[in-house]
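From first to last, the protein sequence lines are chains A and B.
For the first sequence, the working numbering gives the first residue as 6, with consecutive numbering after it.
For the second sequence, the working numbering gives the first residue as 853, with consecutive numbering after it.
Backbone N, C-alpha and C define an ideal beta-carbon position, used for all residues, glycine too.
Small disclaimer: the values here were computed from a predicted structure and weren't measured.
Worksheet: the structure to be examined is printed underneath.
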Amino acid sequence: MEDAEDERSFSDIRGGRLSLRCRDYSPYCREFGLSSARLSLRTLTAVTCAVWLTAYGLFTLCENSMVLSSAIFITLLGLLGYLHFVKIDQETLLIIDSLGIQMTSSYASGKESTTFIEMDKVKDVIINEAIYMQKVIYYLCILLKDPMEPHEVSQVVPVFQSAKPRLDCLIEVYRSCQEILAHQKATPSP
Amino acid sequence: MVLKAFFPTCCASVDSGLLVGRWVPEQSAAVVLAVVHFPFIPIQVKELLAQVQQASQLGMAVLGTWCHCQQELEESLGHFLEGLGTIFSHDPWLQLCREKGTRCWSCKAIYHQVSSSPDTPSEDQVMLIFYDQRKVLLSWLHPPMTVPNCQAGDVTASARGLAAIFDTVSRSKMLFHSDRFDESPVRLSHWQSEGVEASILVELAKWASGPVCLLVASMLSIISAAGTWRLWNLWPLSFIRSKLSACEQLRHRLEQLSLVFSTQKAQSPTQLMRKANMLVSVLVDVALGLLLLSWLYSNDRIGQLANALIPGADRVAEELQHLLQWLMGAPAGLKMNRALDQVLGRFFLYHIHLWISYIHLMSPFIEHILWHVGLSACLGLTIALSILSDIIALLTFHIYCFYVYGARLYCLKIYGLSSLWRLFRGKKWNVLRQRVDSCSYDLDQLFIGTLLFTILIFLLPTTALYYLVFTLLRLLVVTVQGLIHLLMDFINSLPLYSLGLRLCRPYRLADKPTALQ
């Protein structure tokens, strides 16, 4: 069975480029991958130069060469830590009818962290508004329910937190998810 | 609902056969546990399934057929497989097929029941989910606390959602005991069919744990019976017992050990975790204690410690004497009442003199006592720390005494002052009504009362200063003891087994499935 795949480009709330890749594995299994721009050489050079210039300035003030070597260490460790813990390159949302929803974040160093939510716990997928610093932004989130109390929302899990796409991208993802969830609600568990 | 078939990854390349496992109707999921190969006798397959069903309390059945052949399904094989569907009737009947050498799979689910209403939708597609049997078997899912109105024996209610799948695999251990080297009439393929995986050390430990537990439990019961003698409740001993923290720690450890070595098996995963944590913390404690022991007893450190102890106590006493001399003069520029100052100062100085002579009396025996007491470190680092805390308490006993005297004096003074202040204002404390009432005093009562009041109030700074100084000293000692107790509690209660499990085998600690791959 062929799976349909298409890739489009959108922008995030700051104007950066994002690319959304929707894969339709089957009528009840879809995957949305949102990739943001990679770490640019320009920012990296700028930050490194700034750190080393300040270190050189301190060195001329206090004549201690430890400042220079510690600046090098800090730059290296800082870069590694940033790539491994902070910079998220791609976020994926995999939704499988009657099984669950899985969110994967892959970092620039290759690390992947996944979260899986069973379909029993998913109440709905909605687009919500939030006040973020001086802006009002839209974000997609999954509402969770406790299977014992199906009419109350127990938790709200936001999706695509680091990519932060704009409303047009969110609407695409929202429509696809709702198709699958509608199918899931039409055939409830006995 | 979409029909989900959970298929073990180890069976993806085995020969054709029958699929056996469990059907979970609430989620429309078929969990395949093993593949039965040809040739087989249907009666024996049914017997095996009945045995496994009895052992695991779950409904086992033949779920369908598995076909792994060279090219497209041959006609005769196709009819044979359909014939099997009539022998082992199961609704729905799965037919999984894979071509050798390729990655083409075909899955079909056939519903035998004729649907009553003519406009029901066509059969759903089958979703095939691969799972690693070994990992799913070894992950213990720790479910959250069950709702109070569930019965303890009501096991189906506790396994909801995907937890039911994990539950199915872990409770069917009996099915995985036969491997392909056994001469059983039914040939199965599952994750252990190449040979049952086990570790010699684990098996030996399990076999030895029975007698060892019995032996240790009996020894511990003798010790705890000795500990509950009525003799220990006589007055001096019970008082000393309540004050020494080493006894408390010993008792705590004894309780923990008797829980760990009790002959009952753990009822639930949390209890097992608790027992394992206790055992690991006791072992780590004893290891650290032995390390301390080897460090203390090498290079005659005990002798050095004993030799440093007496001069140390002397120095502390000297410092206290200096302090009292300072208080007897004009401390921090405050002017004290000379007579009271001298009395209190001389009283406390005499006490210090007594204390020093007592320490000097004990000095020849210190080394022996320390040597024998240090041997108790082999019972654990926490015991050694508690003994250290007790030694500090004993050595600073004079500071404690001073604090008690200072506090008593101050307390008396404050009571006297408050009662005379009430008299000064013409009021009285009514003990029956527990409140302050007005009262008419005679003239001589008022005169004496006012006199005493002024005396006490002018003596207040002196007593308050002594009280403050000795309270601060006592606080210092209590802080040091408190830090030692904190360290002891930390060692006692750190769950090292759970931490180690989290680092090495995180799937044993999950409470819900965390990731698909």
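Item: Burial state of residue 9 of chain A, where buried means 16 or more other Cβ atoms lie within 10 Å; Value: exposed
Item: Beta strand (DSSP E) segments (min. 3 residues) lying fully within the region 135-190 of chain A; Value: 140-151, 154-163
Item: Bridge partner(s) assigned by DSSP for residue 101 of chain A; Value: A:34, A:105
Item: Span of the beta strand (DSSP E), counted from its first residue to its last, around residue 1317 of chain B; Value: Note, residue 1317 of chain B: premise wrong, no beta strand (DSSP E); alpha helix (DSSP H) at 1295-1345.
Item: The alpha helix (DSSP H) enclosing residue 1197 of chain B, as first and last residue numbers; Value: 1190-1226
Item: Nearest-angstrom beta carbon gap, residue 94 of chain A and residue 40 of chain A [assumed within contact, 8 angstroms]; Value: 6 angstroms
Item: Residue 120 of chain A: CB within 6 angstroms of a non-hydrogen atom of the ligand PLP; Value: The model on display carries no ligand, and the ligand PLP is accordingly not part of it.
Item: Contact the region 866-886 of chain B vs the region 900-914 of chain B: 3+ CB pairs below 8 angstroms; Value: yes
Item: DSSP bridge partner residues for residue 1282 of chain B (one or two, in chain order); Value: B:1287
Item: Neighbouring residues, chain A, relative to residue 854 of chain B (Cβ below 7 angstroms); Value: 33, 102, 103
Item: Cutoff 6 angstroms; reference residue 1189 of chain B; Cβ partners in own chain excluding five residues on either side; Value: 1311, 1314
Item: Chain-ordered neighbours of residue 1014 of chain B on chain A, where CB pairs are closer than 7 angstroms; Value: 123
Item: Counterpart residues of residue 957 of chain B in DSSP-defined beta bridges; Value: B:950
Item: Residue 1229 of chain B vs residue 1144 of chain B beta-carbon contact at 7 angstroms; Value: yes
Item: Among A:74, A:18, A:36, A:181, the one whose alpha carbon lies nearest that of residue 26 of chain A; Value: A:36
Item: Inside the region 885-947 of chain B only - alpha helix (DSSP H) runs reaching at least 4 residues; Value: 894-908, 927-939
Item: Beta-carbon proximity of residue 15 of chain A to residue 170 of chain A, cut-off 7 angstroms; Value: yes
Item: C-alpha gap between residue 1063 of chain B and residue 1129 of chain B, whole angstroms; Value: 21 angstroms
Item: Presumed contact (8 angstroms Cβ cut-off) between residue 1098 of chain B and residue 1239 of chain B, rounded CB distance; Value: 5 angstroms
Item: Paired residues, beta bridge with residue 1177 of chain B - DSSP; Value: Answer is none; residue 1177 of chain B lacks a bridge partner.
Item: For residue 1025 of chain B and residue 1007 of chain B, the rounded distance between their alpha carbons; Value: In this predicted model, residue 1007 of chain B has a pLDDT of only 41, less than 50, meaning its place in the structure is not dependable enough to derive any value.
Item: Rounded straight-line distance, which links the Cα of residue 1020 of chain B to that of residue 910 of chain B; Value: 7 angstroms
Item: Through-space distance from residue 1039 of chain B to residue 892 of chain B, alpha-carbon basis; Value: 8 angstroms
Item: Close beta carbons around residue 183 of chain A, own chain, < 6 angstroms, minus the five adjacent residues each side; Value: none
Item: Contacting residues, own chain, Cβ-Cβ under 8 angstroms from residue 1001 of chain B (five flanking each side not counted); Value: Legend: pLDDT at residue 1001 of chain B = 41, less than 50; position of this residue unreliable, value from coordinates given subsequently. Result list for residue 1001 of chain B: empty, nothing under 8 angstroms.
Item: Beta-ladder partner(s) of residue 95 of chain A, from DSSP; Value: A:40, A:111
Item: Alpha-carbon spacing of residue 1255 of chain B relative to residue 1191 of chain B, whole angstroms; Value: 21 angstroms
Item: Residue closest to residue 1131 of chain B, alpha-carbon to alpha-carbon, out of B:1347, B:883, B:861, B:878; Value: B:1347
Item: Residue 21 of chain A in three-state terms, based on DSSP; Value: coil
Item: Nearest neighbour of residue 1345 of chain B, chosen from B:1275, B:1137, B:1065 [CA to CA]; Value: B:1137
Item: Per DSSP, the bridge partner or partners of residue 1050 of chain B; Value: The partner list for residue 1050 of chain B (beta bridge, DSSP) is empty, contrary to what the question assumes.
Item: Inter-residue spacing [alpha-carbon to alpha-carbon] between residue 1068 of chain B and residue 1113 of chain B; Value: 7 angstroms
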